[in-house]
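J.:
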Amino acid sequence: MATDIKVIAFYLPQFHPIPENDEWWGKGFTEWTNTAKARPLFRGHYQPHVPADLGFYDLRLPEARQAQADLAAEYGLFGFCFYHYWFAGRRLLETPVQAILDSGQPDFPFCLCWANESWTGIWHGAPERVLLEQTYPGDADHIEHFGFLVKAFSDPRYIRVDGKPMFVIYRPWEIPGVAALTELWNRLARGSGLPGLYLVAVRGANRKWNPGEHGFDATVTPRIPVRRPVVSWREPLKKLRFKLQEIRRLPTIYSYSDVGDMLLENPGTERIDYPCVVPNWDNTPRSGADGLVLTGSTPRLFRRHLRKALDLADQLPEGKRIIFVKSWNEWAEGNHLEPDLRYGRGYLEVIRDELAGN
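Add 91 to a position in the sequence shown, counting from 1, and you land on the number used in the working numbering.
#1: From the DSSP secondary-structure annotation, give me the bridge partner or partners of Phe258.
#2: Kindly indicate which three-state DSSP category Tyr148 falls into: helix, strand or coil?
#3: Are Trp422 and His175 touching if we call contact CB-CB under 8 Å?
#4: Is Gly306 near Glu274, with beta carbons less than 8 Å apart?
#5: Tell me, which residues are paired with Lys97 by DSSP?
#6: Where does Trp205 land, buried or exposed, given buried means 16+ other C-beta within 10 angstroms?
#7: For the alpha helix (DSSP H) containing Thr126, list its first residue and its last residue.
#8: According to DSSP, Asn420 sits in a beta bridge with which residue or residues?
#9: Which residue wins for smallest C-alpha separation from Phe201, given the options Leu168, Gly180, Trp210, Tyr227?
#10: Where does Leu385 fall in DSSP's three states?
#11: Taking the straight line between their C-alpha atoms, what separation do you get for Asn426 and Trp123?
#12: Closer than 8 Å by C-beta to Leu192: which residues in its own chain qualify, once you throw out the five before and the five after it? Chain order, please.
#13: Which residue's Cα is closest to the Cα of Glu208: Phe199, Glu235, Ala179, Gly195?
#14: Let me know the secondary structure DSSP gives Phe307 once reduced to three states.
#15: Thinking just about the alpha-carbon of each residue, which of Leu407, Asp402, His396 is nearest to the one in Ile363?
#16: Are the beta-carbon atoms belonging to Phe366 and Leu355 less than 8 Å from one another?
#17: Jot down the residue ranges of each uninterrupted alpha helix (DSSP H) in the segment 218–278, minimum 4 residues, whole runs only, in chain order.
#18: So, at 7 Å on beta carbons, what are the nonlocal neighbours of Ala447 in its own chain, with the 5 sequence-adjacent residues on each side left out?
#19: Out of Asp381, Tyr261, Leu401, Arg433, which one is the CA nearest neighbour of Ser388?
#20: Can you look up Arg436 in the DSSP assignment and give me helix, strand or coil?
#21: Taking all protein chains shown into account, decide if Thr226 is buried (16 or more other Cβ within 10 angstroms of its Cβ) or exposed.
#22: Got a sec? Which residues, its chain only, sit under 7 Å from Tyr261 by beta carbon, not counting five neighbours each side?
#23: So for Arg391, helix, strand or coil by DSSP?
#24: Just checking my contact of Pro197 with Arg156 at CB under 8 Å: how many whole Å lie between their CB atoms?
#25: Would you list the residues sitting across from Trp177 in a DSSP beta bridge?
#26: Answer with buried or exposed for Ser323, where buried requires no fewer than 16 other C-beta atoms within 10 angstroms of its C-beta.
#27: Apart from the five residues just before and just after Met353, which ones in its own chain have a Cβ nearer than 8 Å to its Cβ?
#28: Just to check my reading of the structure: Pro430 and Asp149 have Cβ atoms closer than 8 Å, yes? What is that Cβ distance to the nearest angstrom?
#29: State the DSSP-derived secondary structure class of Tyr210, mapped to helix, strand or coil.
#30: State the Cα-Cα distance for the pair Arg325 and Asp349, rounded to the nearest angstrom.
#31: Who pairs with Trp115 in a beta bridge, going by DSSP?
#32: Within its chain, find whatever has a CB closer than 8 Å to the CB of Ile234; leave out the 5 residues flanking it on each side and keep chain order.
#33: Taking only the alpha-carbon atoms, compute the straight-line gap between Asp232 and Leu222 and give it to the nearest angstrom.
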C-alpha cells in the first residue's frame, strides 16, 4: 500500500447556536439538541450516541476546535473538510471556520465543501417547510462568494492538489450554468495568484450528469443506501420484517455488514473518484421513523470497509491518493469518528492502524 494516502473527514459546524436556528427550532438549538433526545426505536437499536472524550462541545470555543484537531492528528487523519454555507451572500454556521481563519489555529489542514442545498424542515417532520432557499442570483454573487473563498484558499493550511486549492461542491448539478461558474472561479483564482482550483463534485444519484464536462477535476461519492430497501423473494423473513416496519412505523434498517461493500461501489466515471468511507449511520435523532439505520456497525466491520477504500486509493495517481470519511462529527446522523461511550476511540484506532499497515 502507498504511504502517501491522505484521509480527510467531512466536518459539520452546527455545534453552536445561531439566531436562525433559535428562531426555527428554539433558543439554543444546536446539533446536540437532536442527538441528546434520541431514543431506541427497535430492539437492539443503539441510541442515543453520547460523546466521550470531547464531550458536548461548543465550537465557539478555541479549546474545543483545538481538541478536535489534536485528536484527528493523533490518529493519522490528514485534515477536515468543513461544510460551508453560502446563500446568495449570506453565510450560516460560519463562526468556527471564520475563527480558524482569523486566529491561525489550530494548525491542521482543512478545505471547504459548499453545502449548496436549501434548508428545509425535512429532518424535523416538516419536509415542505423551506427555511432558507438556496438561490443563484448570477455572476455578481459568484464573484462575491469567491471574494470570501480566496481568503481561505490562500491560507497556508488549506489543502491543495497539484498546487491548487481543493474545493468540494455538494450538489453541483443544481447550479445553473455550473460550467461557466467553474471557469469564472478558475479565472479569478489565477488572477489572485493561485494556479487555479482543484474542483471536486460530490456525485449524487444523477448518473447522467458528467462532472468533467462542467469543469470538475474529480468526484467523491458517499453512497448512503436508499431509504426503503428492495427485498429479494429469496428472503421471505426479511420481507416480513420490512412489512412489519411499515405497520409499526419503524425506520429503514440495513445491516452494516451487508451493505459495507456497496458503500464503495465505483460510479463508473472517467474522472478520479475518491472513495468515501462511512463508519456508521443512523439519522433517526433527526428523522425518527423516516430515518435510515445502518445497524451493527463496529470498528471491526469498519476495518474491512476501510481496507477496500485503501485498495482503491492505492490505485490513484501519486499526489491524489485521498480517502474521504463521512463524517467526523455528524452526531445527529449517528455518523461520526469522534469517540462515543460505546466504542471509544475504536474507529480512530482502525484508521491509525490501517494507515500504518498494522
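The beta-carbon is built from N, C-alpha and C at its ideal position, and this holds for glycine as well.
T.: The answer reads as follows:
#1: Taking the sequence shown and counting its residues from 1, one reaches residue 258 at position 167. Bridge pairing for Phe258: Leu203, Leu290 [DSSP].
#2: As a first step, residue 148 must be located in the sequence shown, where it is residue number 57. Three-state DSSP puts Tyr148 in coil, outside helix and strand.
#3: The sequence position of residue 422 within the sequence shown is 331, counting from 1. The sequence position of residue 175 within the sequence shown is 84, counting from 1. Their beta carbons are not under 8 Å apart, which means Trp422 does not touch His175 by this criterion.
#4: For the purposes of this step, residue 306 is identified with residue 215 of the sequence shown, where counting begins at 1. For the purposes of this step, residue 274 is identified with residue 183 of the sequence shown, where counting begins at 1. The answer is yes: Cβ separation under 8 Å.
#5: The sequence position of residue 97 within the sequence shown is 6, counting from 1. BP columns for Lys97 point to Ile413.
#6: Here the question's residue 205 lines up with position 114 in the sequence shown. For Trp205, the number of other beta carbons within 10 angstroms of its own is at least 16, and it is reported as buried.
#7: Counting from one through the sequence shown, the residue named residue 126 turns up at place 35. Residues 122–128.
#8: Reading the sequence shown from its first residue, position 329 is the one you call residue 420. Bridge partners of Asn420 according to DSSP: His427.
#9: As a working note, residue 201 is residue 110 in the sequence shown. Comparing Cα-Cα distances from Phe201 to each of Leu168, Gly180, Trp210, Tyr227, the minimum goes to Leu168.
#10: Stepping through the sequence shown from its first residue, residue 385 is reached at position 294. Residue state for Leu385 is assigned as strand, using DSSP reduced to three classes.
#11: Here residue 426 refers to the residue found at position 335 when the sequence shown is read from its first residue. Here residue 123 refers to the residue found at position 32 when the sequence shown is read from its first residue. Spanning the alpha carbons of Asn426 and Trp123 requires a straight line of approximately 13 Å.
#12: Locating residue 192 in the sequence shown gives position 101, where the first residue counts as 1. Cβ within range, chain order: Lys242, Ala243, Asp246.
#13: Taking the sequence shown and counting its residues from 1, the one referred to as residue 208 is at position 117. The shortest C-alpha separation from Glu208 is found at Ala179.
#14: Position 216 of the sequence shown holds residue 307. DSSP, reduced to helix, strand and coil, places Phe307 outside both helices and strands of the structure shown, so it counts as coil.
#15: Here residue 363 refers to the residue found at position 272 of the sequence shown. The closest CA to that of Ile363, considering only Leu407, Asp402, His396, is found on Leu407.
#16: Residue 366 sits at position 275 when you count from the first residue of the sequence shown. Residue 355 sits at position 264 when you count from the first residue of the sequence shown. The amino acid at residue 366 is misidentified as Phe; the sequence shows Pro. Contact flag set, yes.
#17: Every alpha helix (DSSP H) stretch that sits fully inside the segment 218–278 and reaches 4 residues is listed by chain position as 230–244.
#18: Mapped onto the sequence shown, residue 447 falls at position 356. Setting aside the 5 residues that flank it on each side, Ala447 has no residue in the same chain whose C-beta is closer than 7 Å to its C-beta.
#19: Along the sequence shown, read from residue 1 onward, the residue named residue 388 stands at position 297. Per the C-alpha coordinates, the member of Asp381, Tyr261, Leu401, Arg433 positioned closest to Ser388 is Arg433.
#20: Here the question's residue 436 lines up with position 345 in the sequence shown. The answer is coil: DSSP assigns Arg436 none of H, G, I, E or B.
#21: Start at 1 with the first residue of the sequence shown, and residue 226 comes out as number 135. It is exposed - the Cβ of Thr226 has fewer than 16 other Cβ atoms within 10 Å.
#22: For this step, residue 261 is matched to residue 170 along the sequence shown. Taken in chain order, the residues that qualify are Cys204, Trp205, Ala206, Asn207, Glu208, Val293.
#23: Counting from 1 along the sequence shown, the entry for residue 391 is found at position 300. The answer is helix: DSSP assigns Arg391 an H, G or I state.
#24: Here the question's residue 197 lines up with position 106 in the sequence shown. Here the question's residue 156 lines up with position 65 in the sequence shown. Indeed they touch by this definition, with Cβ atoms about 6 Å apart.
#25: The residue labelled residue 177 in the question sits at position 86 within the sequence shown. In the DSSP assignment, the residues bridged to Trp177 are Arg182.
#26: As a first step, residue 323 must be located in the sequence shown, where it is residue number 232. Interpretation of Ser323 is limited by its pLDDT of 37, a score under 50 that renders its predicted location unreliable; no figure is taken from the coordinates.
#27: Position 262 of the sequence shown holds residue 353. Taking C-beta separations shorter than 8 Å and ignoring five residues to either side along the sequence, the partners of Met353 in its chain run Arg314, Pro316, following chain order.
#28: The residue labelled residue 430 in the question sits at position 339 within the sequence shown. The residue labelled residue 149 in the question sits at position 58 within the sequence shown. 18 Å between Cβ atoms; not a contact.
#29: Within the sequence shown, the letter at position 119 stands for residue 210. The sequence given here places Trp at residue 210; Tyr does not occur at that position. Trp210: strand per DSSP, three-state reduction.
#30: Looking up residue 325 in the sequence shown gives position 234. Looking up residue 349 in the sequence shown gives position 258. Its pLDDT being 40, under 50, Arg325 is placed unreliably by the model, and the measurement read from it follows with that caveat. In this structure, the straight-line span from the alpha carbon of Arg325 to that of Asp349 is close to 15 Å.
#31: As a first step, residue 115 must be located in the sequence shown, where it is residue number 24. Answer by DSSP bridge pairing: none, since Trp115 is not bridged.
#32: Taking the first residue of the sequence shown as position 1, residue 234 is located at position 143. The residues are Leu275, Leu279.
#33: Translated into the one-based positions of the sequence shown, residue 232 becomes position 141. Translated into the one-based positions of the sequence shown, residue 222 becomes position 131. Their Cα atoms are separated by approximately 20 Å.
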